[in-house]
Each structure stands twice: as C-alpha cells, then as structure tokens.
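Student:
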Amino acid sequence: MTVKAVSSPQEKHHDPTPQPGLHDVPHRSPGWPLYRLLPDGSALGIVTAPHGTHILWEHKQSTPITNPDPTLTQELATAGHEIPPGFGIAQIPIPPQACVTYRLSNNDGPPSADPLNHDATGELGSLLTHPTAPRDGTAGLDRWPPRSPLHICPHPADRLRLDRNVLGRRCTLRIFTSGQLTKTTPVLFLLDGDHWLHLHDAPSALTTAVTDGLLPPHVLVLIPSPADPQARTDFLTSPTLTSALPGPILTMCDTWLSQHGSQRTHTVIAGQSLGALAATRAAATTTQFDALLGQSPAFWWTDTNPTDPLNAPPGGDTARHLPDLHNMRIRFTVGEDEKAMHPHVNAVTKALTEANIDVLTRTVPGGHDHACWRTTLFEELVTLWT
Numbered sequence: 001m002t003v004k005a006v007s008s009p010q011e012k013h014h015d016p017t018p019q020p021g022l023h024d025v026p027h028r029s030p031g032w033p034l035y036r037l038l039p040d041g042s043a044l045g046i047v048t049a050p051h052g053t054h055i056l057w058e059h060k061q062s063t064p065i066t067n068p069d070p071t072l073t074q075e076l077a078t079a080g081h082e083i084p085p086g087f088g089i090a091q092i093p094i095p096p097q098a099c100v101t102y103r104l105s106n107n108d109g110p111p112s113a114d115p116l117n118h119d120a121t122g123e124l125g126s127l128l129t130h131p132t133a134p135r136d137g138t139a140g141l142d143r144w145p146p147r148s149p150l151h152i153c154p155h156p157a158d159r160l161r162l163d164r165n166v167l168g169r170r171c172t173l174r175i176f177t178s179g180q181l182t183k184t185t186p187v188l189f190l191l192d193g194d195h196w197l198h199l200h201d202a203p204s205a206l207t208t209a210v211t212d213g214l215l216p217p218h219v220l221v222l223i224p225s226p227a228d229p230q231a232r233t234d235f236l237t238s239p240t241l242t243s244a245l246p247g248p249i250l251t252m253c254d255t256w257l258s259q260h261g262s263q264r265t266h267t268v269i270a271g272q273s274l275g276a277l278a279a280t281r282a283a284a285t286t287t288q289f290d291a292l293l294g295q296s297p298a299f300w301w302t303d304t305n306p307t308d309p310l311n312a313p314p315g316g317d318t319a320r321h322l323p324d325l326h327n328m329r330i331r332f333t334v335g336e337d338e339k340a341m342h343p344h345v346n347a348v349t350k351a352l353t354e355a356n357i358d359v360l361t362r363t364v365p366g367g368h369d370h371a372c373w374r375t376t377l378f379e380e381l382v383t384l385w386t
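Start counting the sequence shown at 1; every next residue gets the next number (UniProt numbering).
(1) Expressed to the nearest angstrom, what Euclidean distance is found between the alpha-carbon atoms of G294 and G261?
(2) What first and last residue would you give for the alpha helix (DSSP H) that runs through W256?
(3) Over what stretch of residues does the beta strand (DSSP E) that includes H51 continue unbroken?
(4) Using only CA atoms, which one of P239, E123 and C99 lies nearest to G109?
(5) Can you tell which of P33, P68, P95 and D40 has the C-alpha that lies nearest to the C-alpha of C372?
(6) Should the stretch 265 to 284 be regarded as contacting the stretch 239 to 247, the criterion being three or more beta carbon pairs within less than 8 Å?
(7) Mapping DSSP to helix, strand and coil, what is F299?
(8) Locate the beta strand (DSSP E) running through P64, then write down its first and last residues.
(9) On the DSSP bridge assignment, give the partners of residue 387 in chain order.
(10) Give the secondary structure of T311 by DSSP, where H, G and I count as helix, E and B as strand, and everything else as coil.
(11) Helix, strand or coil: which one does DSSP assign to R174?
(12) Counting only runs of 4+ residues fully inside the stretch 66 to 95, write out the alpha helix (DSSP H) ranges in chain order.
(13) Taking 8 Å as the cut-off, does the stretch 43 to 51 touch the stretch 86 to 103 (at least 3 CB pairs, one atom from each stretch)?
(14) Please identify the residue among V348, G335, L384 and A355 whose C-alpha is closest to the C-alpha of R362.
(15) Assign E11 to one of three DSSP states: helix, strand, or coil.
(16) Give me the Cα-Cα distance between M328 and T78, rounded to the nearest whole angstrom.
(17) So F189 packs on V210, CB below 8 Å; how close in whole Å?
(18) Spell out the partners DSSP gives F332 in its beta bridges.
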C-alpha cells in the first residue's frame, strides 16, 4: 500500500508561532471561546456561559462560571469580545498542542454542548483547541472538521446484527467503506464505536484521509459499547468480548467482505482506555489480527478491581499475565497529561519488549480524552498500514 504526503488546505489558518496573549481560532469557532496562550506553552480556554453553569471537563473536573476580574474584562472588551449580560466565564487549562472536550452543566438537564462554540461533538460536548495545535499533516486537526452542536452523523447502510448469545445483549456493528474495495482490503476494528460515530465522526474523517492519499482504502467496523458507564466497564473487561472479537465478530465481517468481492488484510484492532485493554486481550487469542493500537490503555486494571486501581502494581493483570502478541505490530500511545497512566503503560511495554515482541509506545500531547486520541489515530494507522 502506498500513500502520499499531503498538506491541509486549511494550513493558511495556522500561525505556527503565536505569541503569549489572547487568541481565537476563527475558522473553527468564530467569537467564543477565546484562548490565552501562556509563556510555558500551555493555554487556557476562555468559555462564557450563564451564571449558575458549571463547565465539566477531563476526569469529570468541574469549573464554575464566575465574573472575570476587571483586567480580563477590559482585555476581552479591547479584543472585541464583551461578555453578554447575565454571563460569566470559566478558564479551562489546555496542555501544549492538545485538545480538550468540555460540557455545560446546570440544574435543567444533562450536560450539553456549548451553543456559542461551533466546534462541537454533536449535542453532547464541545472542543477547546490549543492555538499551536497542528492544523495540517498526518494528525492535523482540520481532518476533523468543526461540527455544529446540532450535527447528527448519518448511519451507514451496512449493519451486522449480532445474536444476543454472542455478547449477552443486542448489538449492531456498523460498517463503513472508505475508498473502493479491492480483492484485499485493510480493516480497522474500532471499539467504543458509538463514540466514533456520534461524538467524533471517524467515518467521515477517515474517508477524507483516503481521498487525500494519507491512508489506503479500507473498511471501518465500529463495535459499540453499552451507554451506562458500569455496563461499559463490565462489557470491555469481560471474557465474552475477548472471545467474541476473534470469533463470531471476525467471522461475520469476513462473510460481509466476501459478499462484496474482497478479503481482509492488514487487520488492525484498536481501542482507547478500557477499549484498549479489551483490544489487547482479544489480540492475544488469535493470529487473525495483524496489528494492535491501544490509546491510553487501561493497563492498571486488575480483575480483583482494587479500590484505588491507578495505584495498583504497575501494569496490572496485563503485565503479570503477559499476553502472547508475537507476530503482531503493537503501537501504544499515552497522553503527556495523564501521568498516573505512565507507570502502567511503561510496565507493559517493558515486559513485551523483553519478550521480543514488536511494540512501540509514544507519549503524545494531551490527556485522557477522545479529542486527543483522534489526533493521533491517523498517525498510528499510517504507521501500521504502510
């Protein structure tokens, strides 16, 4: 497979060396939010919302809307951004070159997207983008176009419905084709599929990457998790999923490809957090996957589920019961801002390396956030598919 180097048409919007001070990112969200670039390279996202609102962001942290100090009020007014009557602001930290997902919360209903921010993930969340985050290239943010809070991603025509006995619940796989199918087609299995359909539009972004020559034509299979947090945890850590991924799910997808005149090749299984743990466990049970991509993998997990899991022995069960991942390319990423994850990911990487397994781990900008995972997803796929 051959891909070509490309540059984003939005490159002209990006100032590679903005100076400390107030900035906006007008082609993503004109007006609000604003950004303050700090001397240390980090930034603050300045969000405005009615008083009584809280801003929810990474790790469920909450920042209340308050009145700005007089200096900031004057600075905003000078920049042409007066705060609306009855509104205040919140300032959200953004790691260098990273993105942060945030939501507005009040007593009137569930958390929602910021109606003043055009760069949303549907109705459920909005994005803050560091002023120096790359716009073009492999991980360019503009491969993920701004989405209105009212945007709803269309469902694909192709679905595979699993029998209840496969996963113990009803489940529908969604299949997207990016580019023209050939006799052999790369396949990406992506866990937590609803996140990558309804919140971050992976099918459209991947199709753009194929059109631009960044990625080869391929098939994307989205595997959904339950919406309830505890049910999601139980699902992603269950032996049922571990056996279903290389079993019935893989078989159904192979049948679908055969019906469309193609066969599976260069198969990647990918996930984030607990999804990365599930992908790792499944990859160890079969030779049918060619590569594993785990982003912020939850290698702190132990089946005994300690009270303080991040302080469990480094690498959790994965390091102690090392999976057999020979004959497979493995790529892990972990955010610079999620320090508690580093010992666990490093422990598993060290154990795999000592077992002569092909593994590469990168520390990337950002934290435990889909907004960060999506910007490195393409980089890793380019590595694994070329």
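Glycine included, every Cβ here is placed at the ideal spot set by N, Cα and C.
Tutor: Inspection of the coordinates gives the following:
(1) 30 Å
(2) L250 to Q259
(3) From DSSP, H51 is part of no beta strand (DSSP E); its letter is neither H nor E.
(4) E123
(5) P95
(6) yes
(7) coil
(8) Q61 to P64
(9) Beyond the ends of the chain as shown, which are 1 and 386, falls residue 387; an answer cannot be given.
(10) The sequence shown places Asn at residue 311, rather than the Thr named in the question. If DSSP states are grouped into helix, strand and coil, N311 belongs with the helices.
(11) strand
(12) 70 to 78
(13) yes
(14) G335
(15) Per-residue confidence for E11 stands at a pLDDT of 38, beneath the threshold of 50, marking its modelled position as unreliable; the derived number appears in the next sentence. Helix, per DSSP.
(16) 56 Å
(17) With 8 Å as the limit, F189 and V210 do not qualify as a contact, their Cβ atoms being about 17 Å apart.
(18) G294 and T361
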